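Student:
Residue numbers (the working numbering): 1 to 161.
1) Taking 7 angstroms as the limit between beta carbons, can you name the residues of its chain near residue 59, skipping five residues before and five after?
2) Report the rounded CA-to-CA distance for residue 127 versus residue 29, giving the unit in angstroms.
3) Just how far apart, CA to CA, sit residue 79 and residue 15?
4) Using 8 angstroms for Cβ pairs, my map puts residue 75 next to residue 86. What's the rounded Cβ distance?
5) Which parts of the stretch 63 to 113 are runs of the beta strand (DSSP E), unbroken and 3 residues or longer, counting only runs that do not cross its ends?
6) Please report the straight-line C-alpha distance between residue 130 and residue 119, rounded to a whole angstrom.
7) Where do the N-terminal and C-terminal ends of the alpha helix (DSSP H) with residue 39 fall, by residue?
8) What separation, rounded to the nearest whole angstrom, lies between the Cα atoms of residue 19 and residue 101?
9) Could you tell me how far apart the beta carbons of residue 39 and residue 154 are, in whole angstroms, since I believe they sit closer than 8 angstroms?
10) Of the residues 150, 33 and 151, which one's Cα is nearest the Cα of residue 91?
11) Roughly how many angstroms lie between the CA atoms of residue 140 and residue 73, to the nearest whole one?
12) For the alpha helix (DSSP H) containing residue 146, list its first residue and its last residue.
13) Can you pull the DSSP bridge partners for residue 129?
14) Less than 9 angstroms between the C-beta atoms of residue 164 and residue 135, yes or no?
15) Kindly list the residues whose CB is nearer than 7 angstroms to the CB of residue 133, restricted to its own chain and excluding five residues on each side of it in sequence; keep chain order.
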């Protein structure tokens, strides 16, 4: 038979239960963020030229942006695409959620949003500033939708004794 004290120990307002739920929630959100990041990175392929509208953007190597790649234990610098390599995820403590996306441009440039949703941008061509229309090349939205079926498995059995 359960005693009142053992029954009270399982209340959700207890510190131990609350911290276990918090740890499990962060672990599940971390898995989901990693799934979305991996899906977004793998949807951006290295190709020449521009991608067709409505498809994920193409990645282009840049000599100004490199990553370290180990080949048989020897580290070498390899040109890479900032768009593909700078997609991250992070836990948002204020909202209790995970945020996933590119760490490119800034809030002023709006480059990641313009790439995802389309819009206008100011670019420099032949020394002049021009306003150009950017067609949408969604890659984060489709990555999230592709990762949603994995959500139940990430949340399942979060808390164990």
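Virtual Cβ for every residue (Gly too), placed ideally from N, Cα, C.
Note that this is a predicted model, so its numbers are computed, not measured.
Tutor: The answer reads as follows:
1) 44, 45, 46, 81, 83 and 84
2) 45 angstroms
3) 49 angstroms
4) Incorrect: roughly 20 angstroms between the Cβ atoms, too far for contact.
5) 74 to 80, 87 to 92 and 97 to 102
6) 14 angstroms
7) 15 to 43
8) 28 angstroms
9) 14 angstroms between Cβ atoms; not a contact.
10) 33
11) 33 angstroms
12) 140 to 147
13) 124
14) The displayed coordinates of the chain run from 1 to 161. Any statement about residue 164 would go beyond what the structure contains.
15) 120
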